[in-house]
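**Student:** Sharing a structure with you now.
Numbering (my numbering), first residue to last: 7 to 770.
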């Protein structure tokens, strides 16, 4: 018993020592960057600003109502926010968010957790902790040196990824599942057995079920390409995989496992597509102009030209200097520039072309980076991208498609490649190889000197560009001298000291780079280092609202009375198609009775109107709503209450007129609304909130039919006397699919462990 305990203690100590450097990196990251988030000195901006509000609504609902906000009633008269929470900006039902949600609920049992502070904690400490572990696990499969194995995590946590995190943190957030897939893929390619095959398969299922808009735009290219290249460079992987599956098929349990795996793969595809399926043609991103019924995709069709001037930032991962950008690159939008990963890594990349030419994994990583960030971007007129933009409506929605790929894993693959090179040159012993690398290093120094001379001649004395390039040249020569020393020295301890010195200098290099980024100050508010998205101070929470779902109360992070997931200055850019059809037609605007068109905000919510009956209008008239004849029939109608069921209107022997009914709101959450009223006659209540297939209504606890009113709202019948009317939103199919998906994975792991006996299907 004591031996077992001692063994466990030893294992725990080894694990602590192994992961202690990662913990130290995370602590340094907090001190250098993350703490400024919590103090309000660094603030999210750009698209992150909108995504921030989406996260706030999600955690607010979890905090107050113990459920995710499947519907958001706070903007554009309501829309199915679960689409954005699953298939749009994030996937709140993937393992990472589920863990974060669980932690959030646990903390709330003991503390009154500030939602904004927790979101900061999530995007900085939780996300980066998981990413550091995954990057380290990948490194362990590639690198032998016990110090250099931490190099990729070191570069990641102190490099431009964290600068990008200030602007587009959701891109960092969505790299976790692709990286987990990459880890299992590399592990299986090195050791092809049934256990590693199962891990790879589960990672693939989790990746597919976590597949959202951001994963699609940041990771699907590099995950696909790296998978293909690994197989191309080692064709035995396919043969061995077939051998494992054939061995499994020889047993009854094996056949059950194979069939179950196929069903689970289909289930994961159905799960990830479910939110898109139920909203296709009904939920669009609005880019201005007239919206019509001809739009059939989840996003509005719009021809978005490829922005040539943005793609040139992709190759400048080593240039942190603003004067280089302003005078040489002339990059028009500075949201994603300064993609800096350390000058030392430039030397490693150059040497790696010569050192790792026979290393299949290294070449796979390098080729993937080249294909994603060079070939696809710099081919003539970007024809590859243009084809996708012209052919697929979903891709047309991605305004900066040509700049998205380096945000994901492609640059991390480059970091892995450089670490492999670093590891390789630290272990070179053969004299021929040493001479070869020294010669390559000599060529690099010659190029640096020649480049410095050219820059010295081209740019005038005192030029900022000249100063910056000379600075880069000096560091390149200094790092190349240390690299030469690392290759030349035979003493192992001396090599380790040089490696640690290179780590230290790279750290200094990266933190200097960070300072160039974070010193940019908004002219309107010099107390803020990284500014918010522009907003209109007139945006406010409606005064007659019982629920105020987004009210952080911190003017540094949001306008004081900020509300709604997409309430910001400018036009509303996302919502239900039928509602947007009304908004973009002058006649239809008359039906949006609680929407302020000038200020682009809702006047009140929840809002209800009561009528004896409605006028009949064919729902097909929505296609022709801008015509004068139809518009006149709407303008001249009083009251403006239209139903689209002719039999329903005919069956009620009453002329349409408004009812003056006082009501009380008993409950109002993101997914449930309950009102109580007393009426002297039967009638209809129109809830000025968009209709959707997953809404159910109950009158006095009896389920009743929901009728579409005014082309987009929902209405129910009530009776004279006291009525309690309740609306409940529940996209149960989507929720049950995710539940079934995770349950199937758990059952498969249990079945694998106790029935398949993996040791019998092993390949060395």
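Built from N, CA and C at the ideal position, the CB exists for glycine as well.
Taking the alpha-carbon positions, what's the residue 87 to residue 375 distance?
**Tutor:** On the chain shown, position 81 is the one that residue 87 refers to. On the chain shown, position 369 is the one that residue 375 refers to. If I take the Cα positions, the gap works out to 34 angstroms.
**Student:** Decide if the region 637-653 is in contact with the region 736-753; the criterion is three or more beta carbon pairs, one per stretch, under 8 angstroms apart.
**Tutor:** Flag = no, the region 637-653 and the region 736-753 do not touch.
**Student:** Quick check on residue 759: buried or exposed, where buried means 16 or more other Cβ atoms within 10 Å of its Cβ?
**Tutor:** Taking the first residue of the chain shown as position 1, residue 759 is located at position 753. Label assigned to residue 759: exposed.
**Student:** Please give the ranges of any beta strand (DSSP E) in the region 614-692, keeping only runs that are unbroken, at least 3 residues long and fully inside the region.
**Tutor:** Segments of the beta strand (DSSP E) lying fully in the region 614-692: 614-617, 669-674, 678-685.
**Student:** Going by other Cβ atoms of all chains shown within 10 Å of its Cβ, with 16 needed for buried, is residue 33 buried or exposed?
**Tutor:** Indexing the chain shown from 1 puts residue 33 at position 27. Looking at its Cβ environment, which holds fewer than 16 other Cβ atoms inside 10 Å, residue 33 is exposed.
**Student:** Here's the rule I'm using: 16 or more other beta-carbon atoms within 10 Å means buried, otherwise exposed. How should residue 754 be labelled?
**Tutor:** Residue mapping note: residue 754 aligns to position 748 of the chain shown, counting from 1. It is buried - the Cβ of residue 754 has at least 16 other Cβ atoms within 10 Å.
**Student:** What are the start and end residues of the beta strand (DSSP E) that includes residue 134?
**Tutor:** The count along the chain shown starts at 1 and reaches residue 134 at position 128. No beta strand (DSSP E) contains residue 134, which is instead part of the alpha helix (DSSP H) from 133-148.
**Student:** Please report the distance separating the alpha-carbon of residue 363 from that of residue 701.
**Tutor:** The residue given as residue 363 occupies position 357 in the chain shown. The residue given as residue 701 occupies position 695 in the chain shown. Taking the straight line joining both Cα atoms gives about 59 angstroms.
**Student:** Looking only at DSSP bridge pairs, what is residue 730 linked to?
**Tutor:** Residue mapping note: residue 730 aligns to position 724 of the chain shown, counting from 1. Bridge partners of residue 730: 682.
**Student:** In the region 215-263, which residue ranges form an unbroken beta strand (DSSP E) of at least 3 residues, counting only runs that do not cross its ends?
**Tutor:** Counting whole runs of 3 or more residues, the region 215-263 contains no beta strand (DSSP E) stretch at all.
**Student:** What is the rounded straight-line gap between the Cα of residue 59 and the Cα of residue 119?
**Tutor:** By 1-based counting over the chain shown, the position of residue 59 is 53. By 1-based counting over the chain shown, the position of residue 119 is 113. If you take the alpha carbons of residue 59 and residue 119, they lie about 17 angstroms apart.
**Student:** In whole angstroms, what separates the C-alpha of residue 626 from that of residue 78?
**Tutor:** To locate residue 626, count along the chain shown from 1; it is residue 620. To locate residue 78, count along the chain shown from 1; it is residue 72. Cα to Cα, residue 626 sits roughly 27 angstroms from residue 78.
**Student:** Taking only three categories from DSSP, how would you classify residue 96?
**Tutor:** The count along the chain shown starts at 1 and reaches residue 96 at position 90. Coil.
**Student:** Are the CB atoms of residue 504 and residue 516 within a distance shorter than 7 angstroms?
**Tutor:** The residue given as residue 516 occupies position 510 in the chain shown. The residue given as residue 504 occupies position 498 in the chain shown. Not in contact: residue 516 and residue 504 (Cβ atoms no closer than 7 angstroms).
**Student:** Is there contact between the region 213-226 and the region 177-193, where contact requires at least three CB pairs shorter than 8 angstroms?
**Tutor:** As far as the Cβ criterion goes, the region 213-226 touches the region 177-193, which means the pair count is three or higher.
**Student:** Buried or exposed: residue 499, going by 16 or more other Cβ atoms within 10 Å of its Cβ?
**Tutor:** Mapped onto the chain shown, residue 499 falls at position 493. Exposed is the call here.
**Student:** Ends of the beta strand (DSSP E) at residue 701?
**Tutor:** Within the chain shown, the letter at position 695 stands for residue 701. That run of the beta strand (DSSP E) goes 701-705.
**Student:** Using 10 angstroms around the beta-carbon of residue 696, count the other beta-carbons present and answer buried if the total reaches 16, otherwise exposed.
**Tutor:** Counting from 1 along the chain shown, the entry for residue 696 is found at position 690. Residue 696 is buried by the Cβ-count criterion.
**Student:** Pull up the distance between the alpha-carbon of residue 526 and that of residue 475, whole angstroms please.
**Tutor:** As a first step, residue 526 is located in the chain shown; it is residue number 520 there, counting from the start. As a first step, residue 475 is located in the chain shown; it is residue number 469 there, counting from the start. With a pLDDT of 49 at residue 526, under the threshold of 50, the modelled position of that residue is not reliable, and the figure given next carries that caveat. Roughly 21 angstroms separates the two Cα atoms.
**Student:** So the candidates are 123, 111, 84; which of them puts its Cα closest to the Cα of residue 42?
**Tutor:** Translated into positions along the chain shown, residue 42 becomes position 36. It is 123 whose Cα lies nearest to the Cα of residue 42.
**Student:** At the level of alpha carbons, what is the spacing between residue 107 and residue 69?
**Tutor:** To locate residue 107, count along the chain shown from 1; it is residue 101. To locate residue 69, count along the chain shown from 1; it is residue 63. Roughly 10 angstroms between the two C-alpha positions.
**Student:** Please name the residue or residues paired with residue 741 in a DSSP beta bridge.
**Tutor:** Translated into the one-based positions of the chain shown, residue 741 becomes position 735. In the DSSP output, where bridge partners are listed per residue, residue 741 has none listed.
**Student:** Answer with buried or exposed for residue 128, where buried requires no fewer than 16 other C-beta atoms within 10 angstroms of its C-beta.
**Tutor:** Locating residue 128 in the chain shown gives position 122, where the first residue counts as 1. Classification for residue 128: buried.
**Student:** Does the beta-carbon of residue 25 have 16 or more other beta-carbons within 10 angstroms, so that it is buried, or is it exposed?
**Tutor:** Here residue 25 refers to the residue found at position 19 of the chain shown. Flag for residue 25 reads exposed.
**Student:** What three-state label does DSSP hand residue 41 in the structure shown?
**Tutor:** Within the chain shown, numbered from 1, the residue matching residue 41 stands at position 35. Correct three-state label for residue 41: helix.
**Student:** Mind checking whether residue 720 and residue 693 have CB atoms under 7 angstroms apart?
**Tutor:** Counting from one through the chain shown, the residue named residue 720 turns up at place 714. Counting from one through the chain shown, the residue named residue 693 turns up at place 687. In this structure, residue 693 lies closer than 7 angstroms to residue 720 by Cβ.
**Student:** Which residues bound the alpha helix (DSSP H) around residue 102?
**Tutor:** As a first step, residue 102 must be located in the chain shown, where it is residue number 96. Unbroken alpha helix (DSSP H) run through residue 102: 101-116.
**Student:** Once DSSP output is grouped into helix, strand and coil, what is the label at residue 598?
**Tutor:** The residue you call residue 598 lines up with position 592 of the chain shown. In the structure shown, residue 598 sits in coil (DSSP, three-state: anything other than H, G, I, E or B).
**Student:** Closer than 7 angstroms, CB to CB, is residue 167 near chain B or not?
**Tutor:** This model lacks chain B altogether, as it is built from one protein chain only.
**Student:** Thinking residue 429 and residue 149 are a contact (beta carbons under 8 angstroms), I'd like their distance in whole angstroms, please.
**Tutor:** Walking along the chain shown from the start, residue 429 turns up at place 423. Walking along the chain shown from the start, residue 149 turns up at place 143. Indeed they touch by this definition, with Cβ atoms about 4 angstroms apart.
**Student:** Give me the residue from 735, 733, 21, 676 with the minimum Cα distance to residue 65.
**Tutor:** Along the chain shown, read from residue 1 onward, the residue named residue 65 stands at position 59. Here the closest residue by C-alpha is 676.
**Student:** Which same chain residues, not among the five before or five after residue 109, have their C-beta less than 8 angstroms away from its C-beta?
**Tutor:** By 1-based counting over the chain shown, the position of residue 109 is 103. So the list reads 132, once near-sequence residues are dropped.
**Student:** Check residue 366 in the structure and name its three-state DSSP category.
**Tutor:** One-based indexing of the chain shown puts residue 366 at position 360. Residue state, collapsed to three classes: helix.
**Student:** Would you call residue 295 buried or exposed, if buried means 16 or more other Cβ atoms sit within 10 Å of its Cβ?
**Tutor:** Start at 1 with the first residue of the chain shown, and residue 295 comes out as number 289. Classification for residue 295: exposed.
**Student:** I'd like to check one pair, residue 662 with residue 716: are the Cβ atoms closer than 7 angstroms?
**Tutor:** The sequence position of residue 716 within the chain shown is 710, counting from 1. The sequence position of residue 662 within the chain shown is 656, counting from 1. The answer is no: Cβ separation not under 7 angstroms.
**Student:** In angstroms with no decimal places, state the Cα-to-Cα distance between residue 244 and residue 237.
**Tutor:** To locate residue 244, count along the chain shown from 1; it is residue 238. To locate residue 237, count along the chain shown from 1; it is residue 231. Near 7 angstroms, if we compare the C-alpha coordinates of residue 237 and residue 244.
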